[in-house]
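Report on the structure given below.
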Amino acid sequence: MSNTAIKVEQLSKRYRIGLKEELHDTFIGALASWVKYPFSNFKRVQNLSKFDENIVSEDVIWALKDVSFEVERGEVVGIIGRNGAGKTTLLKILSRITEPTKGYGEIHGRVVSLLEVGTGFHPELTGRENIYLNAAILGMKKAEIASKFDEIVDFADIERFLDTPVKRYSSGMYIRLAFSVAAHLEPEVLMIDEVLAVGDAEFQKKCLGKMESVAKEGRTVLFVSHNMIAIENLCNKGIVLNNGRMKFNGNINEAVESYMTGGKTEYSGEESWQDKENAPGNHQVKLKAIRIVSDGKITGTPGYDHDIEIQIDYWNLTADERRLVSLHVHDVMGILLFTSGNMTSVSSTHDEWCYKKYPEGLFRTNCIIPKELLNTGIHSLSLYINGLGSNDNILLQKHVISFEVKEIQSLRKEYYGKWLGAVRPKLSWKTEKLE
Amino acid sequence: MATYQNSMSPIVIKPNKSWQLIDWKELNEYRDLFYFLVLRDIKSLYKQTVLGFTWAIIRPVFSMIIFSVVFGGLANVPSDGIPYPVFSYTALIPWTYFSTAMTFSTQSLITGKAIFTKVYFPRLIIPLTPVLSKLVDFVISFVILFGLMAWYKIAPTINILWVPLLILLMILTASGIGMWLSALAIQYRDIPHGIQFLSQLLMYAAPVVWPVSLIAEKFGEKAELLYGLYPMAGVIEGFRSSLLGHNPMPWDLIGMGTITAVILFITGGLYFKRKERIFADVA
Chain A
1 MSNTAIKVEQ
11 LSKRYRIGLK
21 EELHDTFIGA
31 LASWVKYPFS
41 NFKRVQNLSK
51 FDENIVSEDV
61 IWALKDVSFE
71 VERGEVVGII
81 GRNGAGKTTL
91 LKILSRITEP
101 TKGYGEIHGR
111 VVSLLEVGTG
121 FHPELTGREN
131 IYLNAAILGM
141 KKAEIASKFD
151 EIVDFADIER
161 FLDTPVKRYS
171 SGMYIRLAFS
181 VAAHLEPEVL
191 MIDEVLAVGD
201 AEFQKKCLGK
211 MESVAKEGRT
221 VLFVSHNMIA
231 IENLCNKGIV
241 LNNGRMKFNG
251 NINEAVESYM
261 TGGKTEYSGE
271 ESWQDKENAP
281 GNHQVKLKAI
291 RIVSDGKITG
301 TPGYDHDIEI
311 QIDYWNLTAD
321 ERRLVSLHVH
331 DVMGILLFTS
341 GNMTSVSSTH
351 DEWCYKKYPE
361 GLFRTNCIIP
371 KELLNTGIHS
381 LSLYINGLGS
391 NDNILLQKHV
401 ISFEVKEIQS
411 LRKEYYGKWL
421 GAVRPKLSWK
431 TEKLE
Chain B
1001 MATYQNSMSP
1011 IVIKPNKSWQ
1021 LIDWKELNEY
1031 RDLFYFLVLR
1041 DIKSLYKQTV
1051 LGFTWAIIRP
1061 VFSMIIFSVV
1071 FGGLANVPSD
1081 GIPYPVFSYT
1091 ALIPWTYFST
1101 AMTFSTQSLI
1111 TGKAIFTKVY
1121 FPRLIIPLTP
1131 VLSKLVDFVI
1141 SFVILFGLMA
1151 WYKIAPTINI
1161 LWVPLLILLM
1171 ILTASGIGMW
1181 LSALAIQYRD
1191 IPHGIQFLSQ
1201 LLMYAAPVVW
1211 PVSLIAEKFG
1221 EKAELLYGLY
1231 PMAGVIEGFR
1241 SSLLGHNPMP
1251 WDLIGMGTIT
1261 AVILFITGGL
1271 YFKRKERIFA
1281 DVA
């Protein structure tokens, strides 16, 4: 009896985004072109499902490429990555909602996927009727549903509203009910895609609690989320996806770190783009470089006892608009430590360009994070450039650069080991004898 | 209690290139879901509507009235010796079922895409659900028919025992067309627009407002036989003769219609299964 729950080999999914050739989406269109070009059409239609490895075509994207891994029974695996990395595609393939282009997958046991909360809820039917319906859609048999009914209602806490049409439910009730049904399904393999993003804090706690107990019962869980804290607490293994490929597969803490730092282990202290074409940004602003400067040098490892200067070089491409620059500072787990920006009310020094209309040109905004504030360890910066008075981000680069604040040996005479806390400000302490 | 089904073979995921037949075993496993979806269809249509189930009767009754005035009265279309209202209503019962089942089935993948893009279950359940749920309307509309027959003092013949067979033929045809059209509709966005037009066309092509005997009169016996390939021809004339007794049962038409229905069903199933794998991608 093998211990494998999920085995995946070279799983790949390719999408054709029909730009040049018209992919007919009208029947008349398809028919007409069939009549006109029977042979070339036949070949093209054949090509749609054949994917020659060597053809590199503009109108094709690999949502997943050659992903292979194995999950053992009872493991709780977090799947993390940027938006568009392929996480949902992977789950969709493993849930048999869409077919892979290449590759092979094997799942042992019954699978339940929660890709969206409330799948199949019908607004006109009551809560009671929807429990039956939704449970059936997710794979429960009639008898099973009947035996679990009371538990489901209890967990969702909607007993008073059982016989009211679901369209009258508040969004909180709706989500509680939907999750409750899915949570009581008892599959061997549970796949959850970011459903925790909805719901209030109490609901999230309840969900995580339930998922924890599911994991303790020895079931296998695949969990996709952007909530690094939840992932860290719940999962023991992590898989990092980037642009359809698997970048990391191993211990969850290392996985989260790999994701946050972009897989880099060495920090150069500078990210730059030489030509405007490839630089991040849009027709208004393009980022040229971002640097960490400490003790007079560009470095990826500033010391705890030195001010850290963040230099941001950018091209302004549309004249006569104002620009506001702000930074978000995250720790290695992705937790937002603090934010700051160059607005007058926020900055300790007056940035004369802050409320001026920018002409076209190359600009540098810099910001100084005082010494003895950030804790030692890896940090990551996200950069925002906005127009005045609007919430629209003209430039948004999440986790654009990472750096590591280094310990200075002389400071740690009294205590060894990792310093606790999100930040590590040096405060003034004094003791005096009173009596 | 988590029990691993070790004896069961694992779920295999890989690209599938071949043609496949309908997986009846899998459909059977999901029969509870099928039952709930049909129930949901039936309930949701009538909940919160004041007239409730009478909607099932309104459409065929109003059509009958209009047809009787226009075709029976003004245009003087022959009706095989039966009073026109009964003539047309007997046809309208199976026809209304067929056209609503076809229309809803065609739309089913489009309106239901919220489910099948998020959860796995045999997609075939989706177009087949209206094929079953519309039977409720079908049964309800019989009530008016018996009223009409009593009014015109027409008694049903022994052939009424064949009605279940006709119903089966009707269901088979609706399923076959439903599978074809639903799979086409989710891929080609002009199909749903054309469905109303197609339905109208098919109605006039069917012997709803005119009798099949007209074909033999104008085009000969052979033509009538060929016409039987249209399954609804056999179903409608069969309904008429078994319930009203004015003509013998049109077994030739029914036989031809069965051939078409079976072909539609088998090819529909093949096409649907073949295209099933891309539904979530094109939805």
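Residue numbers (the working numbering), protein chains in the order written: chain A, 1 to 435; chain B, 1001 to 1283.
Idealized CB from N, CA, C, for every residue including glycine.
Closer than 8 Å to chain A by CB, residue i
{"i": "B:S1068", "result": "no"}
{"i": "B:S1044", "result": "yes"}
{"i": "B:Y1271", "result": "no"}
{"i": "B:N1016", "result": "yes"}
{"i": "B:L1172", "result": "no"}
{"i": "B:L1264", "result": "no"}
{"i": "B:K1275", "result": "no"}
{"i": "B:L980", "result": "Within the shown structure, residues of chain B are numbered from 1001 to 1283, placing residue 980 of chain B beyond reach of any answer."}
{"i": "B:I1022", "result": "no"}
{"i": "B:K1025", "result": "no"}
{"i": "B:K1118", "result": "yes"}
Near the ligand SAH: residue i beta-carbon under 7 Å from a heavy atom
{"i": "A:K426", "result": "The ligand SAH is absent from the structure shown, which contains no ligands of any kind."}
7 Å Cβ shell around residue i - same chain, five flanking residues per side excluded
{"i": "A:C235", "result": "V76, V77, G78, F223 and I252"}
{"i": "A:E202", "result": "none"}
{"i": "B:I1236", "result": "A1091, P1094, W1095, A1206, P1207 and V1208"}
{"i": "B:D1041", "result": "T1129, P1130 and S1133"}
{"i": "B:I1140", "result": "F1053, A1056 and I1057"}
{"i": "B:I1186", "result": "L1109, I1110, F1279, V1282 and A1283"}
{"i": "B:F1121", "result": "Y1030 and L1033"}
{"i": "A:G269", "result": "R291, I292, I298, T299, G300 and F403"}
8 Å Cβ cutoff, residue i in contact with chain B
{"i": "A:S113", "result": "yes"}
{"i": "A:L125", "result": "yes"}
{"i": "A:S95", "result": "yes"}
{"i": "A:L324", "result": "no"}
{"i": "A:E116", "result": "yes"}
{"i": "A:F27", "result": "yes"}
{"i": "A:A183", "result": "no"}
{"i": "A:K142", "result": "yes"}
{"i": "A:P359", "result": "no"}
{"i": "A:I107", "result": "yes"}
{"i": "A:K148", "result": "no"}
{"i": "A:I399", "result": "A small fix is needed here, since residue 399 of chain A is His in this sequence, not Ile. Closer than 8 Å: no."}
Own chain residues within Cβ distance below 8 Å of residue i, not counting five before or after
{"i": "A:I490", "result": "Chain A is shown from 1 up to 435; residue 490 of chain A falls before or after that span and cannot be answered."}
{"i": "A:I131", "result": "I145, F149, I152, V153, L177 and V181"}
{"i": "A:P123", "result": "P165, V166 and K167"}
{"i": "B:L1270", "result": "W1019, Q1020 and L1021"}
{"i": "A:V214", "result": "A183, L190 and V221"}
Proximity of residue i and residue j at Cβ, strictly below 8 Å
{"i": "B:F1279", "j": "B:F1104", "result": "no"}
{"i": "A:T261", "j": "A:I378", "result": "yes"}
{"i": "A:F403", "j": "A:G300", "result": "yes"}
{"i": "A:K288", "j": "A:L362", "result": "yes"}
{"i": "A:I401", "j": "A:R323", "result": "no"}
{"i": "A:A5", "j": "A:R82", "result": "no"}
{"i": "A:K371", "j": "A:H330", "result": "no"}
{"i": "A:Q274", "j": "A:R291", "result": "no"}
{"i": "A:E99", "j": "B:R1274", "result": "no"}
{"i": "A:K7", "j": "A:E106", "result": "yes"}
{"i": "B:A1101", "j": "B:A1174", "result": "yes"}
Contacts that residue i makes with chain A (C-beta to C-beta distance below 7 Å)
{"i": "B:F1121", "result": "I137"}
{"i": "B:I1033", "result": "According to the sequence shown, residue 1033 of chain B is Leu rather than Ile. Here the neighbours are A136 and I137."}
{"i": "B:D1080", "result": "Going along chain A, no residue has its Cβ under 7 Å from B:D1080, so there is no contact; the nearest lies around 38 Å."}
{"i": "B:R1189", "result": "D25 and T26"}
Chain B residues whose Cβ lies nearer than 8 Å to that of residue i
{"i": "A:Y104", "result": "V1012, I1013 and K1014"}
{"i": "A:Y132", "result": "F1036"}
{"i": "A:A178", "result": "In chain order: nothing, as chain B lies at least about 11 Å away."}
Contact list for residue i against chain A, beta-carbon separation under 8 Å
{"i": "B:Y1097", "result": "Those do not exist, as B:Y1097 stays about 23 Å from chain A at its closest Cβ, beyond 8 Å."}
{"i": "B:D1281", "result": "Y15 and T98"}
Residues of its chain near residue i, where Cβ-Cβ distance is below 6 Å and the 5 sequence neighbours each way are ignored
{"i": "B:F1034", "result": "I1125"}
{"i": "A:K210", "result": "A183"}
Proximal residues of chain B, C-beta to C-beta of residue i below 7 Å
{"i": "A:E99", "result": "P1015, N1016 and R1277"}
Contact list for residue i against chain B, beta-carbon separation under 9 Å
{"i": "A:A30", "result": "Q1187 and Y1188"}
Under 8 Å, with one C-beta from each stretch per pair, do the region 1070 to 1082 of chain B and the region 1191 to 1211 of chain B reach the 3-pair mark? yes
Does the pairing of the region 144 to 163 of chain A with the region 89 to 98 of chain A give three or more beta-carbon distances under 8 Å? no
Closer than 8 Å is the cut-off here; do at least three beta carbon pairs connect the region 1218 to 1231 of chain B with the region 1245 to 1260 of chain B? yes
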